[in-house]
Structure formats: structure tokens, C-alpha cells
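Letter by letter, the sequence shown follows residues 563 to 977 in our numbering.
A virtual CB, placed ideally from N, CA and C, is assigned to each residue, including glycine.
All values derive from a computational prediction rather than experimental measurement.
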Amino acid sequence: MEGWTKQMGYPVISVASKPAEGDDSKLELTITQEKFQLGGANKSDLLWRVPIQVLTATGHKHQLMLAEKSDSFTVPKAAWVKLNPGCIGVYRVDYSASMLQDLIAALKHGQLSQRDRFNLENDLFALAAAGRVPIVQVLQLADAYKAEQFYTVWSDLLSNLGSVQVLADHLGLLDKWRAFLRQLCEPAYQRLGWDARPADGHDATLLRSVLIGCLGRAGHESVLAEAKAKFAKHCSGECPITPDLRACVYSTVLANGGVEEFEAVLKLLEKTDMQEEKVRILRCLGRARAPELRQRVLELAVSDKVRLQDTVFVIGGACHSLEARRAAWQFVKSRWSWFVEKFAGQFLLSRLVQLLCNDFCTAEDADDVDAFFKANPAPSAERNIKQALENTRLNVAILARDGDSVKEFLAQFAA
């Protein structure tokens with residue numbers, strides 16, 4: 563156990579398969595471990611004693627123990643092989659190209675459990691961030707999730723895709739990215755629709771909101787039309803929107819509207835006495851895309867109309883594009899003394915740094931953030947500052963490596 567208790571980090575397990583020599587009924591798995599690291603960090607000699615569970619297409623599970631850098635094991639031949647079934651092992655898995663394609667086929671045929679579907683995409687996104695697989699490979703994998711029915715899987719998938727959206731934004735491809743999201747989420751949305759059904763559980767309720775919000779902000783025509791209709795009836799009092807759908811409707815209307823829609827949402831904010839509704843609206847206001855409206859959101863965030871504990875999240879809500887993020891960063895820098903006075907020593911200051919600075923994509927942005935905090939130290943946010951710089955430089959490396967292939971992949975989607 564010393565490897566797990568005295569060493570920092572965890573391993574990534576690379577696995578490849580081939581027919582076992584002299585026995586056509588078995589597969590030989592070659593498994594190799596190394597420390598999982600982001601950003602092309604120096605190679606590590608650390609080793610772990612890794613208990614590995616293997617699931618095959620037949621439903622049988624096999625237990626292996628990897629105690630060395632690399633080893634080979636045999637398992638019965640099957641259409642696909644998955645390591646870490648149930649996602650209980652503390653390691654990432656990097657499959658060979660052929661093994662990954664077999665798992666994608668199994669995914670499309672509904673042969674993987676909910677946890678294994680979650681694990682497959684989550685690992686692949688992490689491997690792409692680490693530079694072990696191309697970003698385009700995870701975008702191709704996402705297509706296999708169109709039939710997904712569970713909120714936990716969709717929520718993680720869309721969150722991970724959000725990190726790729728940052729790159730698409732930097733490449734000037736947001737319109738094509740939104741087209742990609744529309745075709746990805748459309749089938750699941752068509753199955754769920756807007757209206758709750760008696761058989762719906764909590765998972766379906768959460769998923770409906772996530773899909774409608776994603777499609778609405780991506781400009782899906784029918785979702786946008788329905789959101790506008792529901793918003794109008796909500797504002798008039800004719801038919802209030804159910805609370806679980808309000809955030810996705812507000813964000814959709816704001817992201818695709820202008821001053822009229824913005825003012826209508828502000829009126830809802832002024833009218834409500836419910837703190838939950840106030841917070842919901844405040845977190846959505848930053849979805850407005852017009853620069854002058856985003857500036858009003860930033861000014862509102864530091865006014866006496868917003869509780870201090872909500873200020874950071876209002877500003878974070880106004881960071882949904884590269885242009886908006888840079889505007890918010892400039893605003894915060896210009897008011898830095900106010901933020902230090904209000905939040906010095908609190909976790910909210912570090913959270914503010916994370917929301918503002920984590921998703922920049924150029925060396926110039928990293929240098930700007932670095933220089934600002936060298937001139938204006940923020941001890942309580944030191945860790946998040948370091949992480950933001952690492953993430954920005956990681957994005958720079960990913961763009962240099964995969965930017966052209968991302969452009970080529972997104973070219974197929976009509977803006």
C-alpha cells in the first residue's frame with residue numbers, strides 16, 4: 563500500500579490486445595503503468611501495485627495485479643474488453659485504437675453500464691488534456707452518446723465538452739461548435755421534450771433542464787421558440803415556468819436576445835422576494851452576449867443590490883465566451899482594491915480567480931495574469947492562481963497540437 567499512501571498522484575494504465583500465441587480462444591493483454599500527468603510533465607519512475615479488474619463482452623470479470631512497470635495477461639477472447647468496470651479503481655485507462663473502437667461499438671449497442679459509459683468518456687477527455695490522445699478523438703466519441711438517457715453521464719460529457727468549447731471559441735469557430743452541440747443533443751431532447759411525464763424520475767427532470775439549456779444557448783430553433791413563448795407567459799403571469807426549467811429558459815432567452823429580454827429578466831429579479839429565484843436570475847444574467855449588457859451585469863455584481871456572497875458567481879456567470887471572460891477580467895483588475903477589501907482571506911477570492919482565469923488560451927493571457935498577481939499578491943488565492951496559469955498554458959499546448967484538426971472536424975457542421 564505504500565505506493566498509494568506515500569506517493570502523490572495515481573497511474574494511467576495503457577492496454578493493448580492481440581490473439582494469444584498458440585491459443586485462438588484467448589486474448590493477450592499487455593498492460594503498462596506510468597504516473598498520470600498533464601501538460602507534458604517530466605516522466606516519472608513511480609510505480610503502484612495496481613489491482614485491475616477486467617470485464618469482457620461475455621459478462622465475465624477477471625482480476626489482475628500489476629506490480630511492475632509492464633506485464634502481460636490472458637483473458638478469454640471476446641468482442642470487447644473493458645478495464646475498471648464500475649469505475650472503482652483509482653487509475654485512468656488508455657486503450658489501444660482497436661480496443662477503443664470495440665468499446666465504442668459496445669456503447670452504441672447499449673452493452674456498457676451507466677458507470678462504464680461515464681468512465682469511458684471521462685478518461686478519454688483526461689487523456690486528451692494530457693496530450694495522450696487527440697482532442698478530435700473525444701469529439702468523435704461524443705457522437706456515440708446520442709442515445710444516452712442518464713443525467714450523470716450527460717452532465718459530465720457536456721462539462722468536458724465545455725473545455726473544448728473554450729478552444730473552439732479561441733479558433734473563431736463558436737457558430738460551428740454550437741451546430742455540433744445541436745446535432746449531439748437533439749436525439750436525447752426529442753425523447754424527453756419539454757413537459758414532465760408521470761413516469762419521470764428525478765434524473766429525467768435534471769436531464770431535461772440540462773439538454774434544453776444546452777440546445778437553447780446553442781441556438782436550436784424549436785427550443786428557442788418554445789423558450790421565448792414560455793418566457794412571455796411567465797412574465798405576464800399567465801403560466802409560470804416550473805422552477806426546474808427557469809434557469810434554462812432565462813439563459814436561452816438572454817443568450818439569444820437583446821435589451822428587451824435583458825430588461826424583462828431584470829424586472830423578474832426586482833419583483834421576486836424568493837432568494838432562490840434571485841440567485842437563479844443573477845447567475846443567468848451574464849448569458850447576455852451584447853458587450854454593453856455584460857458590462858451592466860458586472861456593475862450590478864458589485865452594487866448593493868447583490869449580496870456579497872453572490873457577487874463572485876454573478877461575475878462568473880458573465881464569463882461564457884473568450885470576449886466576455888477578458889472583459890470581466892479587465893473589470894475585476896480595475897476594481898481589485900474593492901475585491902480585496904470585501905473578500906481578502908476568504909475562499910470567494912480564490913473562486914473568483916478560478917472563474918475568471920482558468921480558461922484563457924494564449925501565452926499573453928498567462929503572462930498578464932502572472933504579472934498582475936505578482937504586482938497584487940493574493941495569498942488566499944495562490945493555489946488557484948497557479949492552477950489558472952497551468953490550465954492556460956495547457957490550452958496553449960493543446961491548440962498548438964490539435965488546433966488544425968479541431969478546425970477540420972468542425973468544418974462539417976453548418977453554422
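Excluding the five sequence neighbours on either side, which residues of its own chain have a C-beta within less than 7 Å of the C-beta of Leu870, listed in chain order? Lys904
If you follow the beta strand (DSSP E) that Lys623 is in, where does it begin and where does it stop? 623–628
When DSSP labels each residue in this structure, what does Phe934 get in the three-state scheme? helix
Report the rounded CA-to-CA distance for Val868 versus Ile843, giving the unit in angstroms. 11 Å
C-beta contact flag for Gly848 and Val841 at 7 Å: no
Using DSSP with H/G/I as helix, E/B as strand and the rest coil, what is Arg694? coil
Determine the direct distance from the alpha carbon of Leu951 to that of Glu1035, and round the result to whole angstroms. A query on residue 1035 cannot be resolved here, the shown segment of the chain reaching from 563 to 977 and no further.
Is it right to say Pro573 is buried, meaning 16 or more other beta carbons lie within 10 angstroms of its own, or is it exposed? buried
Which residue from Asp607, Glu710, Ala750, Ala925 puts its Cα closest to that of Ala668? Glu710
Span of the beta strand (DSSP E), counted from its first residue to its last, around Lys644: 643–645
Classification of Gly763 by the beta-carbon crowding that lies within 10 angstroms, buried from 16 upward: exposed
Applying the 10 Å Cβ sphere with the 16-neighbour rule, what's the burial state of Asn747? For the sequence presented, residue 747 should be read as Cys rather than Asn. Classification of Cys747: buried, given that the 10 Å Cβ count is 16 or more.
Between the Cα of Gln689 and the Cα atoms of Phe975, Ser717, Val700, which residue gives the shortest distance? The sequence given here places Leu at residue 689; Gln does not occur at that position. Taking only the C-alpha atoms, the option nearest Leu689 is Val700.
Determine the direct distance from the alpha carbon of Asp705 to that of Asp737, and round the result to whole angstroms. 18 Å
With 16 as the cutoff for other CB atoms within 10 Å, does Asn938 come out buried or exposed? exposed
Throw me the rounded Cβ distance for the Leu816 and Phe824 pair, which I believe falls under 8 Å. 6 Å
Between the CA atoms of Leu589 and Cys846 - distance to the nearest angstrom: 52 Å
When you compare only the Cα positions, how much space is there between Asp757 and His671? 28 Å
Could you check if Met627 is buried or exposed, using at least 16 other CB atoms within 10 Å of its CB as the buried criterion? exposed
Taking contact to mean at least 3 C-beta pairs separated by less than 8 Å, is the region 954–961 in contact with the region 729–736? yes
Give me, in chain order, the residues of the same chain whose beta-carbon lies closer than 7 Å to that of Phe680; leave out the 5 immediate sequence neighbours on both sides. Cys649, Thr714, Val715, Asp718
Could you tell me if Arg779 is buried or exposed, where buried requires 16 or more neighbouring beta carbons within 10 angstroms of its beta carbon? buried
Ser813, buried or exposed, once every other Cβ within 10 Å from all chains shown has been counted against 16: buried
Where does Tyr657 fall in DSSP's three states? strand
Using the three-state DSSP reduction, which class does Lys840 fall into: helix, strand or coil? helix
Expressed to the nearest angstrom, what Euclidean distance is found between the alpha-carbon atoms of Ala890 and Glu854? 12 Å
For Ala794, count neighbouring C-beta atoms within 10 Å of its own C-beta (all shown protein chains included) and say buried if the count is 16 or more, exposed if not. exposed
Which partner residues does Lys580 have in the DSSP bridge list? Glu590
For Ser883, which residues from the same chain have a beta carbon less than 8 Å from its beta carbon, with the 5 sequence-adjacent residues on both sides left out? Asp731, Leu736, Arg851
Residue range of the alpha helix (DSSP H) that includes Pro805: 805–818
Would Val643 pass as a contact of Thr618 if the rule is Cβ separation under 7 Å? yes
According to DSSP, simplified to helix, strand and coil, what is Ser634? strand
DSSP-derived helix/strand/coil call for Thr834: coil
Looking only at C-alpha atoms, which of Pro613, Leu674, Leu609 sits nearest to Ala641? Leu674
List the whole-angstrom C-beta distance separating Phe975 from Ala659, where the pair is believed to meet the contact cut-off of C-beta under 8 Å. Between Ala659 and Phe975 the Cβ distance is about 24 Å, and since that is not below 8 Å, they are no contact.
Those residues which DSSP pairs with Ile774 across a bridge: Answer by DSSP bridge pairing: none, since Ile774 is not bridged.
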